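Residue numbers (UniProt numbering): 1 to 174. Glycine included, each C-beta is placed from N, C-alpha and C at the ideal position. Computed from a prediction, not measured in an experiment: that's the story for all the values here. Down below is the structure, laid out as structure tokens.
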């Protein structure tokens with residue numbers, strides 16, 4: 001059990017931003033630390049009372065804010081493996097594949113994701129974003145544009161779109 005890894009669900013990512021669930025401060029801190037990479041042992045080492053970590057993990061899981069992963073980063077739920085392939089309307093399906101390995105491929109993938117987001121979310125006034133995207137050459141240019149897109153989406157109340165966009169872009173920035 002201590003080698004178990006947890007990852008935030010979409011609801012968990014939204015909770016980090018919106019604070020709707022009114023979590024205990026330590027449970028919220030734990031939610032923020034959950035990244036799909038650290039095992040329960042690692043998380044326990046970051047709290048003064050490691051015994052409470054399992055209790056908070058249970059609460060977060062009951063609320064649907066986290067999901068259990070194996071230590072290899074794959075879902076341990078057998079039903080996930082038996083599901084039908086996801087259709088194009090499932091927004092998170094693209095994130096389940098590994099990000100491109102090379103820098104040029106990652107930049108191209110970032111450009112494609114950002115172009116799609118600009119066309120979808122800013123179709124009324126895309127010029128400034130398209131101009132920034134056209135000038136982007138380095139990773140930090142894409143990071144800055146991505147942060148701007150997320151900020152605008154959050155400010156205009158499109159939180160789910162901001163979370164979805166961030167989930168698509170984040171693996172490519174590593």
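{"Item": "Output needed for residue 9: all residues of its chain with C-beta closer than 8 Å, excluding positions within five of it in sequence on either side, in chain order.", "Value": "64, 65, 66, 67"}
{"Item": "Do residue 14 and residue 149 have their beta-carbon atoms positioned less than 7 Å apart in this structure?", "Value": "no"}
{"Item": "By DSSP, does residue 67 sit in helix, in strand, or in coil?", "Value": "strand"}
{"Item": "Express the C-alpha separation of residue 55 and residue 169 in angstroms, rounding to a whole number.", "Value": "32 Å"}
{"Item": "Could you tell me how far apart the beta carbons of residue 39 and residue 5 are, in whole angstroms, since I believe they sit closer than 8 Å?", "Value": "5 Å"}
{"Item": "What does the alpha-carbon distance come out to for the pair residue 57 and residue 118?", "Value": "36 Å"}
{"Item": "On the DSSP bridge assignment, give the partners of residue 39 in chain order.", "Value": "5"}
{"Item": "Which residue from 69, 62, 173 puts its Cα closest to that of residue 114?", "Value": "173"}
{"Item": "Starting from residue 25, trace the alpha helix (DSSP H) both ways and give me its first and last residue.", "Value": "25–33"}
{"Item": "Return helix, strand or coil for residue 19, following the three-state DSSP convention.", "Value": "coil"}
{"Item": "Could you pull out every residue in the same chain whose Cβ sits closer than 7 Å to the Cβ of residue 162, ignoring the five residues on either side in sequence?", "Value": "150, 153, 154"}
{"Item": "Work out the CA separation of residue 41 and residue 109 for me, nearest whole Å.", "Value": "35 Å"}
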